[in-house]
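Reviewing the structure listed below.
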Amino acid sequence: MLLFAKRIRELRKSNGLTQEELGKLVNISKVSISFYESGARMPSLDTLTALCDVFKVDLEYLLGQDNYVVEESKKEYGITMSNEEIRIIEELRKHPKLYNRLIENPERMINSLDKR
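Spelled out as structure tokens, the structure:
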């Protein structure tokens with residue numbers, strides 16, 4: 001439920017909406033949006049569907065059930081990543097030395113970090 005709370009808050013903010021504005025778009029109160037964003041409550045299926053429509057996202061993404069999806073096309077591979085995974089990569093790129101060491105030998109670096 002915490003991932004749902006985080007995602008709905010991030011989506012609302014990235015779309016430049018207040019809790020009140022989002023509530024009006026999906027016909028619920030500002031207080032309900034606040035409860036969802038704090039993780040205190042989960043919305044009904046109808047409200048979840050309305051939120052997906054407003055944000056143009058899949059229900060699986062909103063609920064935090066998105067996984068890596070690799071699709072094969074002629075010569076290219078696509079991968080879907082969560083916002084958290086993208087954020088990790090972006091942070092790593094800010095540290096080129098660490099990033100390059102991780103690329104060279106990911107297993108070794110992960111084991112090294114895991115021992116700490």
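Here the sequence shown stands for residues 1 to 116, numbered as in UniProt numbering. By construction, the Cβ of each residue, glycine as well, lies at the ideal position given by its N, Cα and C atoms.
Cβ-Cβ distances below 8 Å link LEU92 to LEU98, TYR99 and LEU102 in the same chain, with the five nearest sequence neighbours on each side left out; the list follows chain order. Comparing alpha-carbon positions, the option among ASN105, LEU11, ASP46 and LYS115 lying closest to LEU62 turns out to be LEU11. At a Cβ-Cβ threshold of 9 Å, GLU20 and LYS6 do not count as neighbours. CA-to-CA, the gap between THR47 and GLN65 works out to about 18 Å.
A distance of 9 Å or more separates the beta carbons of ILE8 and LEU59. For ILE28, the three-state secondary structure derived from DSSP is coil. Ranking VAL54, SER14 and ILE28 by CA distance to the CA of MET42 puts ILE28 first. Taking ASN15 as the centre and dropping the five residues before and after it, the same chain places the C-beta of PHE55 closer than 7 Å to its C-beta, in chain order.
When beta bridges are read from the DSSP output, ILE103 appears opposite no residue. At a Cβ-Cβ threshold of 9 Å, LEU22 and ILE33 count as neighbours. ASN15: not part of any alpha helix (DSSP H); DSSP gives it neither H nor E.
When the five nearest sequence neighbours on each side are left out, no beta carbon in the same chain lies closer than 8 Å to the beta carbon of HIS95.
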